[in-house]
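Protein chains in written order, with this note's numbering: chain D, 1 to 429; chain A, 430 to 858.
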């Protein structure tokens with residue numbers, strides 16, 4: 001298995017440097033005796049969850065009940081692309097998903113999609129920029145958009161009767177300032193990895209495989225603080241300096257995931273059971289305006305303290321919001337127009353957020369940073385989760401003074417598949 | 430010292446997980462006895478050079494004879510910005526460099542530029558998104574462009590007589606397709622770190638400090654494969670899948686650096702001694718066209734083998750180019766129009782490259798990837814180094830079929846300074 005080979009390589013090479021050993025052993029003249037029981041245990045997925053800090057050489061299995069990249073511990077980088085289908089043939093579309101499945105399974109193991117050096121009179125099968133790199137926890141998540149089913153009133157691939165009621169274009173929310181070039185798509189690929197070159201390589205090779213069948217519609221890279229740079233493993237901060245993602249379903253609770261993330265039998269079309277709906281929003285953040293705002297205003301905007309992430313009037317980041325609590329002036333500690341209160345609502349709507357920051361240079365129109373949030377969230381039913389939440393936020397969230405929703409799309413992320421099957425089999429078969 | 434505190438935190442926290450210990454010890458039931466002599470040694474700069482793989486919590490000292498970010502081992506990410514000066518007052522410009530020096534010294538130690546939580550009725554002094562993160566080997570490198578000295582024939586700050594002969598706009602090279610919005614600048618900041626959020630935070634806070642004195646002109650993020658994902662510590666590959674940076678001056682050889690990188694006494698203005706000239710080019714790469722090209726054509730284009738990086742007809746990546754060697758057909762193994770041969774010339778011109786890849790989503794004009802190389806190179810005298818090399822390349826490099834130079838700038842990167850001094854003191858005093 002390549003998995004083991006990779007990891008052995010890693011361990012036999014530079015990874016076991018004197019510095020590593022010193023660091024692991026702790027500081028000072030400490031003597032430590034170590035024993036390990038074997039490789040299987042070291043690299044098992046459960047271990048990986050238990051120690052989200054250690055990512056070297058890790059593999060997130062591609063095959064399974066669900067696709068990776070949804071409940072996977074959020075990797076350091078994302079490369080997200082939306083695609084349009086250019087073929088009109090259903091058989092070609094099915095072939096694309098089969099080819100993508102094969103390629104994605106290889107890529108997530110850190111392997112090239114074809115031998116690196118082949119016939120010198122042909123283009124190489126793999127583009128080569130990830131040669132020698134570890135899998136870096138790469139996940140590849142495929143989704144299908146509403147326009148795959150019906151576009152311009154055409155039942156393009158005989159799938160119209162299979163379109164989920166939940167998979168429709170999002171409503172136009174107040175204050176939306178969407179740019180067509182960052183909106184929609186027939187298909188999406190979300191590639192997440194702890195190394196952007198690995199994620200880029202994956203997407204590029206998948207798009208290459210799709211030549212003649214699908215074309216790029218839009219693309220966005222994103223980053224978080226790296227786990228390596230965050231010794232305390234805190235909730236990552238967004239570009240406004242606030243912790244983002246404090247309230248999320250517990251990815252280790254099957255119960256919570258079944259309630260809030262995975263499509264269940266009886267929810268809608270059977271083909272999507274064990275899949276999930278992805279809503280993606282490209283949210284520009286007006287960094288310079290925010291930076292001129294005083295701390296109290298910033299904290300009132302989020303409804304949380306900047307440093308600790310605790311709800312206003314409370315102590316701990318992970319405390320339940322006390323929405324009734326009032327301050328000395330008799331006002332709610334967590335203001336009525338604050339982001340935390342409005343997101344929370346009555347607490348019944350939960351979405352699984354996997355948000356990344358983006359930095360796309362300068363906004364040439366304004367001379368400001370073109371930076372913000374690539375907001376990615378997964379859920380069982382957008383009509384009961386993202387949409388009501390965003391309706392509240394769009395109407396009165398104080399944060400709206402500092403942000404603008406510039407891109408938007410919705411996709412149904414397909415269920416996972418077993419070795420020998422393919423992503424999309426439940427939809428196309 | 431914050432340095433030690435940070436690192437201690439890191440070591441006391443999650444970093445010493447069971448997985449770390451297993452990994453460090455190797456695989457299987459191996460018993461290892463470890464002893465470490467103390468923290469100072471663990472984190473010293475020399476150790477850091479010896480083991481370029483281990484970057485956790487590391488600090489690259491800001492103060493010194495030279496600025497950081499030039500001979501520093503290339504970090505995983507760059508955030509590069511070009512700025513224009515908006516003040517006309519020399520005193521304000523000097524104050525800016527003093528303030529930047531203070532802030533940059535703090536940032537490279539992983540500290541905020543002011544207390545994180547201050548008066549709640551004022552904007553926070555630090556923007557907060559790097560709170561709790563390690564310094565991630567952050568370096569901040571300041572440079573000054575030709576237009577700082579003379580712009581529209583104006584001696585803007587009484588510095589005209591100090592303008593180096595080498596610090597003039599680059600000539601227009603054949604095939605240049607420069608976009609004004611990616612070109613030039615009065616000042617530059619190159620922030621490199623192993624964490625993009627750390628680099629972004631640094632630049633953002635430095636620009637914030639410059640409010641009223643300088644404005645953003647253009648900005649570009651860049652990435653390499655992360656060192657964590659590259660167990661063999663190979664030469665990084667560019668987005669064409671080829672190793673990039675094989676031939677570089679040895680950053681550990683003072684002699685080579687003095688010959689090729691650092692401005693020497695007698696070279697030109699004294700104020701720039703121990704500084705270096707930076708040439709930056711934003712080079713778009715036509716990924717999709719390249720990917721349709723066969724392997725032989727790709728290798729002939731670079732003059733090297735894709736897999737090994739060795740010169741064509743030779744075995745090892747680091748072998749000297751054998752420019753006389755011929756193949757069975759009697760032609761030069763390394764073609765006359767190949768990138769390697771033309772870059773090499775007679776071997777006398779060497780530049781220190783610190784190139785990064787960029788991925789800026791989709792090029793809306795073509796529907797292709799907007800991706801390529803943020804080419805950054807340092808040298809003692811552009812007229813004798815980058816310019817003759819680029820003249821050769823621009824005329825006949827086979828690679829020109831696959832790339833386009835879209836942005837360009839030149840800066841004089843100032844010498845370093847001691848604690849108590851400031852970057853730019855030799856220029857302004």
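Using N, Cα and C, we set each Cβ at its ideal position, and we do this for glycine too.
Just so we're clear, the structure is a prediction, and the values are computed from it rather than from any experiment.
Under 7 Å Cβ-Cβ, which residues of chain A neighbour residue i?
i: residue 285(D); result: Simply none; closest approach about 11 Å.
i: residue 181(D); result: 793
i: residue 221(D); result: 788
i: residue 90(D); result: Near residue 90(D) there are no residues of chain A at all, since even the closest Cβ is about 24 Å away, more than 7 Å.
i: residue 303(D); result: Here the premise fails: no neighbours, minimum Cβ distance about 15 Å.
For the beta strand (DSSP E) that contains residue i, what are its first and last residues?
i: residue 632(A); result: Run containing residue 632(A): none in the beta strand (DSSP E); it sits in the alpha helix (DSSP H), 625-638.
i: residue 513(A); result: 506-514
i: residue 271(D); result: Residue 271(D) -> no beta strand (DSSP E), and no H or E assigned at all.
i: residue 815(A); result: Taken as a continuous stretch (DSSP letters only), residue 815(A) belongs to no beta strand (DSSP E), being part of the alpha helix (DSSP H) at 815-825.
i: residue 650(A); result: 643-652
Since residue i meets chain A, which of its residues come closer than 8 Å, beta carbon to beta carbon?
i: residue 355(D); result: Within 8 Å Cβ-Cβ: nothing; residue 355(D) doesn't reach chain A, min ~13 Å.
i: residue 238(D); result: 558
i: residue 295(D); result: 546, 547, 548, 549, 550, 551, 552 and 553
How would you write the range of the alpha helix (DSSP H) that residue i sits in, first residue to last?
i: residue 260(D); result: 254-260
i: residue 585(A); result: Careful: residue 585(A) lies outside any alpha helix (DSSP H) and carries neither H nor E.
i: residue 161(D); result: Careful: residue 161(D) lies outside any alpha helix (DSSP H) and carries neither H nor E.
i: residue 727(A); result: 724-731
i: residue 854(A); result: 854-857
i: residue 523(A); result: 519-537
i: residue 146(D); result: 146-149
i: residue 343(D); result: 339-344
Tell me, to the nearest whole angstrom, how far the beta carbon of residue i is from that of residue j; I am working on the premise that it is less than 8 Å.
i: residue 143(D); j: residue 411(D); result: 3 Å
i: residue 243(D); j: residue 235(D); result: 4 Å
i: residue 556(A); j: residue 640(A); result: That pair is no contact at about 13 Å.
i: residue 668(A); j: residue 786(A); result: 5 Å
i: residue 370(D); j: residue 284(D); result: 7 Å
i: residue 805(A); j: residue 645(A); result: Rounded, the Cβ-Cβ distance is 18 Å, inconsistent with contact.
i: residue 612(A); j: residue 569(A); result: Actually they do not touch by this definition, with Cβ atoms about 22 Å apart.
Are residue i and residue j closer than 8 Å when you measure CB to CB?
i: residue 623(A); j: residue 505(A); result: yes
i: residue 827(A); j: residue 773(A); result: no
i: residue 403(D); j: residue 286(D); result: yes
i: residue 615(A); j: residue 513(A); result: yes
i: residue 423(D); j: residue 101(D); result: yes
i: residue 780(A); j: residue 599(A); result: no
i: residue 199(D); j: residue 159(D); result: no
i: residue 219(D); j: residue 202(D); result: no
i: residue 349(D); j: residue 384(D); result: yes
i: residue 308(D); j: residue 317(D); result: yes
i: residue 565(A); j: residue 635(A); result: no
i: residue 825(A); j: residue 766(A); result: yes
So residue i contacts chain D; which residues on that side make the cut at Cβ distance below 7 Å?
i: residue 796(A); result: 215 and 216
i: residue 565(A); result: 229
i: residue 607(A); result: Within chain D, no residue comes near residue 607(A); the closest Cβ sits about 15 Å away, beyond 7 Å.
i: residue 720(A); result: 123, 127 and 208
i: residue 674(A); result: What residue 674(A) touches in chain D: nothing, since even the nearest Cβ is about 14 Å away.
Show which residues of chain A have a CB atom less than 9 Å away from the CB atom of residue i.
i: residue 186(D); result: Per Cβ cutoff of 9 Å: no residues; residue 186(D) is ~14 Å from chain A at best.
i: residue 306(D); result: 545, 546, 553, 557 and 560
i: residue 69(D); result: Within chain A, no residue comes near residue 69(D); the closest Cβ sits about 17 Å away, beyond 9 Å.
i: residue 275(D); result: What residue 275(D) touches in chain A: nothing, since even the nearest Cβ is about 26 Å away.
Going by DSSP, what residues sit across from residue i in a beta bridge?
i: residue 792(A); result: 797(A)
i: residue 840(A); result: 707(A)
i: residue 285(D); result: 403(D)
i: residue 191(D); result: 79(D) and 140(D)
i: residue 228(D); result: Beta-bridge pairing links residue 228(D) to no other residue.
i: residue 311(D); result: 304(D)
i: residue 612(A); result: 837(A)
What residues from chain D crowd round residue i, counting only those whose CB sits closer than 8 Å?
i: residue 562(A); result: 225, 229 and 230
i: residue 663(A); result: 132
i: residue 835(A); result: Those within 8 Å of residue 835(A) in chain D number zero; the least Cβ separation is about 12 Å.
Could you work out which residues of chain D lie near residue i, taking near to mean beta carbons separated by less than 9 Å?
i: residue 627(A); result: 225, 226 and 229
i: residue 623(A); result: 226, 228 and 229
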